[in-house]
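Undergrad: Below you'll find the structure I mean.
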Amino acid sequence: MSAQSSIQTLSPEANEMRERLRTDLTTRAAYISDASIFRRVPQAVLEVRSEADIALGIEYAKAEGLSITSRGGGTSVAGNAIGEGLILDTSRYFNKILDIDPEAKTARIQPGVICDQLRDAAAEYGLTYGPDPSTHSRCTVGGMVANNACGSHSLAWGTAADNVVSMKIMLGDGSVVEVNSDGTSSEELDGKLKALRDANLKELRTELGRFARQVSGYGMHYLLPENGFNVAKALSGSEGTCGVITELVVRLVEKPKHTALAVLAFETVFDAAAAAASLRRPGLATAEGMGGDLLDALRSRPGQQDAGSNLPGMGAANRGGVAKAGGWLFCETAGQTMEQARSIADELVQSAYAAQTGAAIDAVVVTDHAEARTLWKIREASAGIVTRLPDGGEAWPSWEDSAVPPENLADYLRDLYALMDTHGLRGIPFGHFGEGCVHVRISFDLGTEEGMAIFRQFMEQAADTVAKHGGSLSGEHGDGRARSELLTRMYSPKMMKAFASFKAAFDPEGLFNPGVLVNPERIDESLRPGPGQRSFELTPVHALSRDKGSLVNAVNRCVGVGLCRSDEGAMCPSFQGTHNEVNSTRGRARVLSEMFRGTTLPDAYKSEEVKDALDLCLSCKACASECPVNVDMATYKSEFLHKFYEGRIRPMAHYTMGWLPKLTHWMHQVPGAASLANTVLRFEAVQRLVKKVGGIEPTRKMITFSGESLQRWAAKRNETEAASPQGTVVLWPDSFNNHLDTGPGEAAVEVLETLGYRVIIPEGFVCCGLTWHSTGQLDTARKVIKHTLDVMEPLVKAGYPVIGLEPSCTVMLGHEITELVPEDPRAAALSAAVVPFADLIAKHVPADGKPSASWPFEQLNVGAVSQVHCHERSQGDHGSSSAVLRSIGIAEREIETGCCGLAGNWGFEPGHAELSRSLGERELFPAIRNRAQDDVVLADGFSCRTQIAEGTEVRGMHLAQVLLKAKITG
1 MSAQSSIQTL SPEANEMRER LRTDLTTRAA YISDASIFRR VPQAVLEVRS EADIALGIEY
61 AKAEGLSITS RGGGTSVAGN AIGEGLILDT SRYFNKILDI DPEAKTARIQ PGVICDQLRD
121 AAAEYGLTYG PDPSTHSRCT VGGMVANNAC GSHSLAWGTA ADNVVSMKIM LGDGSVVEVN
181 SDGTSSEELD GKLKALRDAN LKELRTELGR FARQVSGYGM HYLLPENGFN VAKALSGSEG
241 TCGVITELVV RLVEKPKHTA LAVLAFETVF DAAAAAASLR RPGLATAEGM GGDLLDALRS
301 RPGQQDAGSN LPGMGAANRG GVAKAGGWLF CETAGQTMEQ ARSIADELVQ SAYAAQTGAA
361 IDAVVVTDHA EARTLWKIRE ASAGIVTRLP DGGEAWPSWE DSAVPPENLA DYLRDLYALM
421 DTHGLRGIPF GHFGEGCVHV RISFDLGTEE GMAIFRQFME QAADTVAKHG GSLSGEHGDG
481 RARSELLTRM YSPKMMKAFA SFKAAFDPEG LFNPGVLVNP ERIDESLRPG PGQRSFELTP
541 VHALSRDKGS LVNAVNRCVG VGLCRSDEGA MCPSFQGTHN EVNSTRGRAR VLSEMFRGTT
601 LPDAYKSEEV KDALDLCLSC KACASECPVN VDMATYKSEF LHKFYEGRIR PMAHYTMGWL
661 PKLTHWMHQV PGAASLANTV LRFEAVQRLV KKVGGIEPTR KMITFSGESL QRWAAKRNET
721 EAASPQGTVV LWPDSFNNHL DTGPGEAAVE VLETLGYRVI IPEGFVCCGL TWHSTGQLDT
781 ARKVIKHTLD VMEPLVKAGY PVIGLEPSCT VMLGHEITEL VPEDPRAAAL SAAVVPFADL
841 IAKHVPADGK PSASWPFEQL NVGAVSQVHC HERSQGDHGS SSAVLRSIGI AEREIETGCC
901 GLAGNWGFEP GHAELSRSLG ERELFPAIRN RAQDDVVLAD GFSCRTQIAE GTEVRGMHLA
961 QVLLKAKITG
């Protein structure tokens, strides 16, 4: 139907809604996938705000001949939340908790409510929502129910179906039906379902509901008389194929008063799997398993070399003389008292030790919550971690969710490994071993026709293998596009026919999520990393050494688990500020993937749509560390901008702020020029003109320049003749501390000299290339770095440490320059010589913390609001700064939300000011305004101090300045 004719047939309300549809290519590209390997390009996305919106969306889709797919957090691993028609996204607006009834222990909610949002609200009443998948910080409850998700505590609290009381769903005719534990609000629908049930009693009783994690297919066994004709549970796990959930009532459970965590180590993952079934007992809430390869994969990540050192089985004193553990079980126990929880955990350990075969080789019991969270994070990050094997190879989902009766798990795992070996594949297992569910990402080669053939062979044989062990294709993720085609290998023809009739009872037109469960699409149809993805691969400027020099490989790190959509942590600030999928790290990765393919975005590297998707990326690098697979969107953005503006005139901001190091250097070559510039810029009319010409956001305050450079200040000083017992260090004159705010640099020199160092500041122009890198001027960045290497070569060869003050420049020197000029060994030498200022100072902190001749700093005894620079948080370590602050009596309150919101040049670029300021208002600005009168504001980053000054009119201090304030004089 033409657009004009559909307008004429739509109601006025639907036409008004149509204006809110997101049909731009940027949005459609961001929604092409979820956490699966599948690719479906939607025609439109509707961000649902009300039940009425859903009705209007259905009206529009039917008029246009489009299918309808419901989507929550988009963390579905089986391709359940994608489609080629209309996407109904409930996560951004349709996410209200409508009511919590603490007496009935229920919650009435809209489907877009985040799992943790519900758990936090319920916690006020001593309650919680039981299902807790590893994506609990960003998955929606509506999506959890649709896929019948479970999580680690399903031993205690069951699946999402077990926790549904009732729900409302909208059908294809726009009517809303309430479904509950004894039927529906529609007599006609009840009649159809009872007739279908009665015609298939044998199949429902013998093929379905055989064990807790049998999630594949529809849960029609809940319709049986002995199960109370529970239609609400039967619809749980229907994967959006029967209608659209508009409201849910879910069961809440009492939070355990006390918990303990027993982590059991085994020689092999098969031993861990065998033990899991035998350890089940009252008081055991989880029995989560993982293999040793998962720890190897985690340790291959940057900065994670020692991860998991607190796990049992890693030392030399293991039982049976086993050198190293190859599998673990995480067993959480619950009790009315800590003693009871601890006692159950201790009993588990003794039982595991006493096993006749496959006994535990080591164990640890933890009762401290923080220590337990540290251990749990290893398991919870599994879904992302295992998408990269320890050697950097790619691993993919699709056979990631199989389940068998727990007593069969060890044998099933052995057969699964043998099958992988047969096809030359590798994978890392983890999962809910206590319930027989195993997750594994496998090293499929999805980019070639040969690899695709092996993929299909493996999937078909794996389905036969799990069926042989009495298992299920899916244990909690649903079948989706990943496994629906394989259901015939698990169920009889009559059962498959009953599934089709079940869907037809709700959705006779086949409107909702077609291709899933009934009339399935092929398991190898239209894969995101499949053949054709590399049509527009380019040779990047960065070495991308962890991704074999391929930007496609780098972007493919994002499998879509969606941690970047969480409001916890620092990733991703632009999503946290907008809750727009396009502005998430995952959304941008999906757009870049489409750019490489070149079909929906045929302009590829010259695509305005890709530029739009990357526009609000702050280049904070939070994703480089907090993403489980270390997606580095800042680097991908700089590569894209480099290619996009090749042969084009850039925005003026790229010239004024990208070239800021050179401009300020030249300014300080002319005596008095900086002071004159500051004087002239005090005039409002001049400021407005400069900002307009320079491409600077008009609502921003202009920065000012130091009267003289740090280099000039140092050259004028009379170098002390006193001995330098600590030797010589080079203080890096970054452009910010050298030309814009020399206070931290001057303070650092005095502090270092006080501690017995001779301080050298290089002369002439040196720069790490940061501002050119962030604006995608990579050829210039390489030239600047090579010039810097010429200047620094003799100082590095002399063995002098290079002390960094500005976190972003320190990270650039310590981590990035080797990727930009990998061919020059001097880059690696300079990188190795870089030492953050705080790291050097921390070495001098006395064990007793008392002032002395070697530590001449007094106790300030004040608090501090501490804004850790996002690059330090991502690729550095703030621990040294914290240790130094403690040593001078400062009680530090660290801002937890990450980036201050300015992000260097980004916050000064037109159109970014509103989001920039809103990010500051999340936590940073209120914390500063509400601090005690004498508390200091610590911010080592120049852009952080700039943002703080503009947002609160408070001047932040660098650690060096705080130390100088604490210096004992006289």
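Here the sequence shown stands for residues 1 to 970, where the numbers follow this note's numbering. Glycine included, C-beta positions come from ideal geometry on N, C-alpha and C. Quick caveat: nothing in here was measured; it's all calculated off a predicted structure.
Is the beta carbon of Met-167 sitting closer than 9 Å to the one on Glu-247?
TA: The sequence position of residue 167 within the sequence shown is 167, counting from 1. The sequence position of residue 247 within the sequence shown is 247, counting from 1. For Met-167 and Glu-247, yes; Cβs fall inside 9 Å.
Undergrad: Tell me which same chain residues have a C-beta within less than 7 Å of the C-beta of Thr-635, skipping the five on either side of it?
TA: Taking the sequence shown and counting its residues from 1, one reaches residue 635 at position 635. Contacts found: His-542.
Undergrad: Exposed or buried, Met-338, counting other C-beta atoms within 10 Å across all chains shown (16 or more means buried)?
TA: Working through the sequence shown from its first residue, we reach residue 338 at position 338. Counting Cβ neighbours within 10 Å, Met-338 comes out exposed, since fewer than 16 surround it.
Undergrad: Thinking C-beta only, is Thr-728 closer than 9 Å to Ala-798?
TA: Walking along the sequence shown from the start, residue 798 turns up at place 798. Walking along the sequence shown from the start, residue 728 turns up at place 728. Result yes, Cβ atoms of Ala-798 and Thr-728 sit closer than 9 Å.
Undergrad: Is the beta carbon of Gly-889 sitting closer than 9 Å to the one on Gln-859?
TA: The residue labelled residue 889 in the question sits at position 889 within the sequence shown. The residue labelled residue 859 in the question sits at position 859 within the sequence shown. Against a cut-off of 9 Å, the Cβ pair of Gln-859 and Gly-889 comes out as a contact.
Undergrad: Is it buried or exposed for Gln-214, if we count other Cβ within 10 angstroms and need 16 for buried?
TA: By 1-based counting over the sequence shown, the position of residue 214 is 214. Buried, because 16 or more other Cβ atoms sit within 10 Å of the Cβ of Gln-214.
Undergrad: Does DSSP put Ile-385 in a helix, in a strand, or in coil?
TA: For the purposes of this step, residue 385 is taken as the residue at position 385 of the sequence shown. Helix, per DSSP.
Undergrad: Quick check: what's the CA-CA separation for Glu-239 versus Glu-521?
TA: Taking the sequence shown and counting its residues from 1, one reaches residue 239 at position 239. Taking the sequence shown and counting its residues from 1, one reaches residue 521 at position 521. Rounded to whole angstroms, Glu-239 to Glu-521 spans 14 Å at the Cα level.
Undergrad: From what residue to what residue does the alpha helix (DSSP H) around Asn-553 run?
TA: Walking along the sequence shown from the start, residue 553 turns up at place 553. Looking at the DSSP string, the run of the alpha helix (DSSP H) that includes Asn-553 is 551–555.
Undergrad: By a C-beta neighbour count over all protein chains shown, 10 Å radius and 16 as the cutoff for buried, is Asp-507 buried or exposed?
TA: As a position in the sequence shown, residue 507 is number 507, starting the count at 1. The residue is buried, with at least 16 neighbouring Cβ atoms inside 10 Å.
Undergrad: Would you call the segment 828–847 and the segment 923–937 in contact, with 3 or more CB pairs under 8 Å?
TA: Taking 8 Å as the limit for Cβ pairs, the verdict is that the segment 923–937 does not touch the segment 828–847.
Undergrad: With which residues is His-432 paired in a DSSP beta bridge?
TA: To locate residue 432, count along the sequence shown from 1; it is residue 432. Bridge partners of His-432: Cys-437.
Undergrad: State the CB to CB distance for the pair Val-113 and Met-170, rounded to an integer number of angstroms; the pair is presumed to be in contact (CB under 8 Å).
TA: Here the question's residue 113 lines up with position 113 in the sequence shown. Here the question's residue 170 lines up with position 170 in the sequence shown. Contact flag wrong, Cβ pair sits at about 17 Å.
Undergrad: DSSP has Met-957 in a bridge; who is on the other side?
TA: Along the sequence shown, one-based indexing puts residue 957 at 957. Bridge partners of Met-957: Leu-938.
Undergrad: Just to confirm, is the Cβ distance from Gly-549 to Gly-447 under 9 Å?
TA: One-based indexing of the sequence shown puts residue 549 at position 549. One-based indexing of the sequence shown puts residue 447 at position 447. Result no, Cβ atoms of Gly-549 and Gly-447 do not sit closer than 9 Å.
Undergrad: Rounded to whole angstroms, what is the Cα-Cα separation between Arg-955 and Val-937?
TA: On the sequence shown, position 955 is the one that residue 955 refers to. On the sequence shown, position 937 is the one that residue 937 refers to. So the alpha carbons of these two residues sit roughly 7 Å apart.
Undergrad: When DSSP labels each residue in this structure, what does Trp-772 get in the three-state scheme?
TA: Locating residue 772 in the sequence shown gives position 772, counting from the first residue. Trp-772 falls in the helix class under three-state DSSP.
Undergrad: Hey, quick one: how far does the beta strand (DSSP E) through Ser-70 stretch, first residue to last?
TA: In the sequence shown, residue 70 corresponds to position 70, counting from 1. It spans 68–71 - the beta strand (DSSP E) in which Ser-70 sits, taken as one unbroken run.
Undergrad: With a CB to CB cut of under 7 Å and the five nearest residues on each side skipped, what residues in its chain are close to Ser-675?
TA: For this step, residue 675 is matched to residue 675 along the sequence shown. Cβ neighbours of Ser-675 beyond the five flanking positions: Gly-707.
Undergrad: Tell me which residues share the same chain as Ser-887 and place their Cβ nearer than 8 Å to its Cβ, disregarding the 5 neighbours each side in the sequence.
TA: Numbered from 1 along the sequence shown, position 887 holds the residue referred to as residue 887. The answer, listed in chain order, is Val-845, Pro-846, Gly-849, Trp-855 and Phe-857.
Undergrad: Can you give me the C-alpha to C-alpha distance between Ser-2 and Tyr-218, rounded to a whole angstrom?
TA: Working through the sequence shown from its first residue, we reach residue 2 at position 2. Working through the sequence shown from its first residue, we reach residue 218 at position 218. Any reading at Ser-2 needs caution, since the residue's pLDDT is 45, under 50, leaving its predicted position unreliable; the model's value is listed next. If you take the alpha carbons of Ser-2 and Tyr-218, they lie about 37 Å apart.
Undergrad: When you compare the segment 74–84 with the segment 117–129, are there three or more beta-carbon pairs, one atom per stretch, that lie closer than 8 Å?
TA: Output reads no: the segment 117–129 does not touch the segment 74–84.
Undergrad: Is the beta carbon of Arg-379 closer than 9 Å to that of Ser-152?
TA: Walking along the sequence shown from the start, residue 152 turns up at place 152. Walking along the sequence shown from the start, residue 379 turns up at place 379. Cβ atoms of Ser-152 and Arg-379: closer than 9 Å.
Undergrad: Can Met-702 and Leu-681 be called in contact, C-beta distance under 9 Å?
TA: Locating residue 702 in the sequence shown gives position 702, where the first residue counts as 1. Locating residue 681 in the sequence shown gives position 681, where the first residue counts as 1. It is a contact, given that the beta carbons lie within the stated cut-off.
Undergrad: In its own chain, which residues sit with a C-beta less than 7 Å from the C-beta of Gln-961, not counting the 5 before and 5 after it?
TA: Position 961 of the sequence shown, counted from the start, is the residue given in the question as residue 961. Excluding sequence neighbours, Gln-961 sits near Gly-743, Pro-744 and Ala-747.
Undergrad: Out of Leu-66, Gly-83, Glu-47 and Ile-32, which one is the CA nearest neighbour of Val-516?
TA: Taking the sequence shown and counting its residues from 1, the one referred to as residue 516 is at position 516. Closest option to Val-516, Cα to Cα, is Gly-83.
Undergrad: Determine, using beta carbons only, whether Phe-266 and Ala-360 come nearer to each other than 9 Å.
TA: Along the sequence shown, read from residue 1 onward, the residue named residue 266 stands at position 266. Along the sequence shown, read from residue 1 onward, the residue named residue 360 stands at position 360. Closer than 9 Å, so yes.
Undergrad: Taking all protein chains shown into account, decide if Asn-513 is buried (16 or more other Cβ within 10 angstroms of its Cβ) or exposed.
TA: Stepping through the sequence shown from its first residue, residue 513 is reached at position 513. Asn-513 is buried by the Cβ-count criterion.
Undergrad: Apart from the five residues on each side of it in sequence, which residues of its chain come closer than 7 Å, Cβ to Cβ, to Gln-4?
TA: Here the question's residue 4 lines up with position 4 in the sequence shown. Its pLDDT being 47, under 50, Gln-4 is placed unreliably by the model, and the measurement read from it follows with that caveat. Answer for Gln-4: no residue qualifies.
Undergrad: Would you mind listing the alpha helix (DSSP H) stretches within the segment 696–743 that are 4+ residues and don't spill past its ends, in chain order?
TA: 710–716, all fully within the segment 696–743.
Undergrad: Counting pairs of beta carbons, one from the segment 836–843 and one from the segment 867–885, are three or more of them closer than 8 Å?
TA: In short, these stretches touch, since the Cβ pair count reaches three.
Undergrad: Can you give the beta carbon distance from Ala-891 to Ala-864, rounded, assuming they're within the 8 Å contact cut?
TA: Working through the sequence shown from its first residue, we reach residue 891 at position 891. Working through the sequence shown from its first residue, we reach residue 864 at position 864. Right, the Cβ-Cβ distance comes to about 7 Å (below 8 Å), so this counts as a contact.
Undergrad: Tell me, please, whether the segment 57–66 touches the segment 218–238 by the rule of three or more beta-carbon pairs shorter than 8 Å.
TA: Contact between the segment 57–66 and the segment 218–238 is absent, because fewer than three Cβ pairs lie under 8 Å.
Undergrad: Would you call the segment 406–416 in contact with the segment 274–281, where contact means no fewer than 3 C-beta pairs closer than 8 Å?
TA: They touch, by the three-pair rule.
Undergrad: Report, in whole angstroms, the separation of the C-beta atoms of Arg-534 and Val-552, which I expect to be a contact under 8 Å.
TA: The residue given as residue 534 occupies position 534 in the sequence shown. The residue given as residue 552 occupies position 552 in the sequence shown. Sure, about 5 Å apart at Cβ, within 8 Å.
Undergrad: With 9 Å as the threshold, decide whether the Cβ of Glu-16 is near any Cβ in chain D.
TA: Considering every chain present, this structure includes no chain D. It has just one protein chain.
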